[in-house]
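All residue numbers for the sequence shown refer to full-length UniProt numbering, where the first residue is 1 and numbers rise by one. Note that CB positions come from ideal geometry on N, CA and C, so glycine has one too.
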Amino acid sequence: MTAAGPPGSGMAGLLRPHTLAWGALWFVVVVLFTAGVGVIQAAGTAGQMPPLTSGTQPVVRPVDPVDPPSSAPEPPRLVDVVNTG
């Protein structure tokens with residue numbers, strides 16, 4: 001024999017309108033997101049998407065291979081003070 005629980009427990013508690021509304025909202029969100037990803041992939045495959053990189057070229061001065069520019073500080077140099085010879 002089973003004892004009856006409080007009202008709203010069991011399967012009836014899972015099927016409340018509030019719970020069903022949230023479940024339906026998440027279902028719609030997942031379906032729309034998946035459909036959006038599919039549309040973007042299909043457009044990319046068909047060549048209808050703009051490139052992800054900019055069409056402009058940055059204007060920088062050429063890098064000197066002998067002395068590359070750096071704004072970082074130089075690492076500390078180890079000095080052997082015990083063996084000075």
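- Here the alpha carbons of residue 40 and residue 29 stand approximately 16 Å from one another.
- The alpha-carbon of residue 74 is positioned some 49 Å away from that of residue 36.
- It is roughly 30 Å from the alpha-carbon of residue 25 to the alpha-carbon of residue 45.
- In the structure shown, residue 47 adopts coil according to DSSP, grouped into three states.
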